[in-house]
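Asker: Quick note, the working numbering runs 3 ahead of the 1-based positions in the sequence shown.
In this text, a Cβ means the ideal position worked out from N, Cα and C, and glycines have one as well.
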Amino acid sequence: MQFKEDETRTIAGNEFVFCRECKEEYHEGECSSLLSLQGAIAQKGYVVDEHAAMQARWEEASRETIKKTTKPCPNCNIPVEKNGGCMHMKCPRPQCRFEWCWNCSLEWNRTCMGDHWFD
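1. By alpha-carbon positions, which one of 111, 55 and 105 ends up nearest to residue 86?
2. Are the Cβ atoms of residue 102 and residue 93 separated by less than 7 Å?
3. What are the boundary residues of the alpha helix (DSSP H) that residue 115 is part of?
4. Between which two residues does the beta strand (DSSP E) carrying residue 92 extend?
5. Quickly, what does DSSP pair residue 83 with across the bridge? List them, please.
6. For residue 103, report the span of its beta strand (DSSP E) as first-last.
7. Please report the distance separating the alpha-carbon of residue 116 from that of residue 122.
8. Mapping the DSSP letters down to three states, classify residue 33 as helix, strand or coil.
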């Protein structure tokens, strides 16, 4: 079965198809219906691995923190964190090293230097 990317699903590099909203395997319908189905299964006597559940909560919290505190490199999309200083950024990925402006996400240029180097 072939899936194409759309607004509700995406295909990872390993061809795994997952839901863009809840990050679980792709499913039909709302994400909340999947969660209530999982809850119903748990109520029928299936045991939840508490360690795995805690790990999943930490992973989700990490993803949310990364989403809130980083911007993607305009060249390679790796998350980049700004921890102070000017707006001149250099991608930390050795294969990229793209130099760009944190404010406007364009390649670093004289306009960035003059207009908003230290905004």
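Answerer: Looking at the coordinates:
1. The shortest C-alpha separation from residue 86 is found at 105.
2. Yes, these two residues count as a Cβ contact at 7 Å.
3. Boundaries of the alpha helix (DSSP H) harbouring residue 115: 113-119, taken from the DSSP string.
4. In the DSSP annotation of this structure, the continuous segment of the beta strand (DSSP E) that includes residue 92 starts and ends at 91-93.
5. Beta bridge pairing from DSSP links residue 83 with 74.
6. Run containing residue 103: 102-104, per the beta strand (DSSP E) assignment.
7. Approximately 10 Å between the Cα atoms of the pair.
8. Reduced to three states, the DSSP call for residue 33 is coil.
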